[in-house]
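*Asks:* Residue numbers (our numbering): 3 to 339. For glycine and all other residues, C-beta sits at the position ideal for the given N, C-alpha and C.
(1) For the 8 Å Cβ check, are there 3 or more pairs between the stretch 133-140 and the stretch 158-169?
(2) Is residue 92 a contact residue of the ligand FMN, with contact defined as CB to any heavy atom under 8 Å?
(3) Do residue 210 and residue 183 have their beta-carbon atoms positioned less than 9 Å apart in this structure?
(4) Determine the direct distance from the alpha carbon of residue 200 to that of residue 207, and round the result to whole angstroms.
(5) Using a Cβ-Cβ cut-off of 6 Å (strictly less than) and excluding sequence neighbours within five positions of residue 263, which residues of its own chain qualify?
(6) So for residue 322, helix, strand or coil by DSSP?
(7) May I have the straight-line CA-CA distance separating residue 319 from residue 251, to the nearest angstrom?
(8) Buried or exposed, going by whether 16 or more other CB atoms sit within 10 Å of the CB of residue 146?
(9) Please name the residue in 205, 171, 224, 217 whose C-alpha comes closest to that of residue 240.
(10) When DSSP labels each residue in this structure, what does residue 182 get in the three-state scheme?
(11) Throw me the rounded Cβ distance for the residue 306 and residue 181 pair, which I believe falls under 8 Å.
(12) If you check the beta carbons only, do residue 189 and residue 218 fall under 9 Å apart?
(13) Pick out whichever of 277, 131, 295 has its Cα sitting closest to the Cα of residue 285.
(14) So, using beta-carbon positions, are residue 185 and residue 222 closer together than 9 Å?
(15) In terms of DSSP beta bridges, what is residue 342 paired with?
(16) Can you give me the C-alpha to C-alpha distance between residue 228 and residue 128, rounded to a whole angstrom?
(17) What's the call for residue 73, buried or exposed, on a 16-neighbour Cβ count within 10 Å?
(18) For residue 1, list the residues DSSP reports as bridge partners.
(19) Output yes or no for whether 9 Å exceeds the beta carbon distance between residue 269 and residue 248.
(20) Should residue 246 and residue 315 be called a contact, given that it needs their Cβ atoms to be closer than 9 Å?
(21) By how many angstroms is the C-alpha of residue 297 removed from the C-alpha of residue 141?
(22) Nearest-angstrom Cα distance between residue 330 and residue 187?
(23) If I follow the unbroken beta strand (DSSP E) through residue 209, where does it start and stop?
(24) Taking C-beta to C-beta, are residue 169 and residue 231 nearer than 9 Å?
(25) If you follow the alpha helix (DSSP H) that residue 238 is in, where does it begin and where does it stop?
(26) Hey, how far is the Cα of residue 287 from the Cα of residue 82?
(27) From what residue to what residue does the alpha helix (DSSP H) around residue 195 run?
(28) Pull up the CB-CB distance for residue 195 and residue 233, whole angstroms please, since I reckon it's below 8 Å.
(29) Could you give the distance in angstroms between the alpha-carbon of residue 323 and the alpha-carbon of residue 303?
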């Protein structure tokens with residue numbers, strides 16, 4: 003036995019009522035037009051004759067039927083046009099959602115494959131790098147500091163340290179931990195992140211301003227992971243500015259299912275429109291020394307918290323990242339995605 007879907011039943015009922023309403027108005031307007039036409043003609047002195055005999059009743063019936071049919075057909079036409087317009091809107095909306103879902107699936111598959119590859123490569127590379135660094139450090143210490151060989155060994159160890167940092171980022175991206183959800187204060191997380199980066203920003207002449215909304219609802223998150231995401235956004239903003247400029251961070255309640263919001267803005271050069279969709283891709287970066295994993299990690303963290311992240315940016319007008327997160331709901335913890 004097939005059970006009727008409540009939503010579909012209601013939708014069919016709405017369409018049926020919609021069609022009846024159109025037809026009713028068409029019949030009423032058609033009949034009214036017919037009556038007006040007939041009685042106006044009679045008032046103007048027109049007579050309806052058949053074989054010399056006046057037949058007003060027959061003519062009245064004919065006029066009424068004709069105008070009613072015209073009204074009904076016009077109503078059917080407008081009804082079909084309206085239904086076609088609604089169907090086109092539904093199809094366009096479903097197509098957009100389908101494309102979005104397909105892109106999300108492709109991105110998830112790509113990230114999963116990339117994570118496995120990164121983890122295996124990191125293990126294979128890190129051990130030889132450790133041996134090379136130890137050997138370079140040993141050779142370095144055998145030369146005087148002003149010796150070119152000493153400087154070459156210093157360069158080798160510095161580059162290996164940079165590569166180790168990249169490998170650490172790869173492993174962190176590939177081995178994303180499941181969030182441990184607890185009620186947390188987003189204002190506190192933002193303030194702690196600002197304190198951590200504030201000193202370095204001041205050295206570079208960057209002004210950091212935080213607007214913490216009083217009475218902000220608590221949010222159920224993994225505090226360490228959200229702290230990491232906020233730090234990454236601060237670092238991304240500072241890299242965009244270089245030296246000088248301004249970073250503004252805000253918290254606020256958010257409407258809908260995501261009840262707390264965080265935004266981080268910078269007064270940097272902005273992001274070209276053609277690059278906005280690529281900033282979330284792993285390893286995409288415009289900085290020679292960058293890894294291209296920071297924003298990918300941020301998006302990964304936010305999505306694991308059932309939140310949303312978006313970016314607003316225009317060249318020459320700065321960049322703003324918006325994050326929204328679910329509010330805390332007692333002891334209930336959302337399942338990780």
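*Replies:* With the given structure in hand:
(1) Taking 8 Å as the limit for Cβ pairs, the verdict is that the stretch 158-169 does touch the stretch 133-140.
(2) Among the components modelled here there is no ligand, and therefore nothing to report on the ligand FMN.
(3) The answer is no: Cβ separation not under 9 Å.
(4) Between residue 207 and residue 200, the C-alpha separation is close to 10 Å.
(5) Cβ within range, chain order: 254, 256, 326.
(6) Collapsing the DSSP output to three states places residue 322 in a strand.
(7) Spanning the two alpha carbons is a distance of roughly 16 Å.
(8) Taking all protein chains in view, the Cβ of residue 146 is surrounded by fewer than 16 other Cβ atoms within 10 Å, so the residue is classified as exposed.
(9) Nearest C-alpha to residue 240: 205.
(10) Looking at residue 182 - three-state DSSP - the assignment turns out to be coil, as it is neither helix nor strand.
(11) Contact check for residue 306 and residue 181: beta-carbon distance about 5 Å, within the 8 Å limit, so the pair qualifies.
(12) Yes, the Cβ-Cβ distance between residue 189 and residue 218 is below 9 Å.
(13) Here the closest residue by C-alpha is 295.
(14) The answer is yes: Cβ separation under 9 Å.
(15) Given that the chain is displayed from residue 3 to residue 339, the structure contains no residue 342 and the question cannot be resolved.
(16) About 28 Å.
(17) Flag for residue 73 reads buried.
(18) Missing from the structure shown is residue 1; the chain here goes from 3 to 339 and no further.
(19) In this structure, residue 248 lies closer than 9 Å to residue 269 by Cβ.
(20) Cβ distance not < 9 Å, so residue 246 and residue 315 don't count as in contact.
(21) If you draw a straight line from the Cα of residue 141 to the Cα of residue 297, it comes to about 38 Å.
(22) One C-alpha to the other measures close to 10 Å.
(23) If you look at residue 209, you'll find it in the beta strand (DSSP E) that goes 209-213.
(24) No, Cβ-Cβ distance for residue 169 and residue 231 is not below 9 Å.
(25) Counting along the chain, the alpha helix (DSSP H) containing residue 238 begins and ends at 225-243.
(26) Residue 82 has its alpha-carbon roughly 51 Å from the corresponding atom of residue 287.
(27) Residue 195 -> alpha helix (DSSP H) spans 188-205.
(28) A Cβ-Cβ separation of about 5 Å places residue 195 in contact with residue 233 under the 8 Å criterion.
(29) Whole-angstrom Cα-Cα distance: 14 Å.
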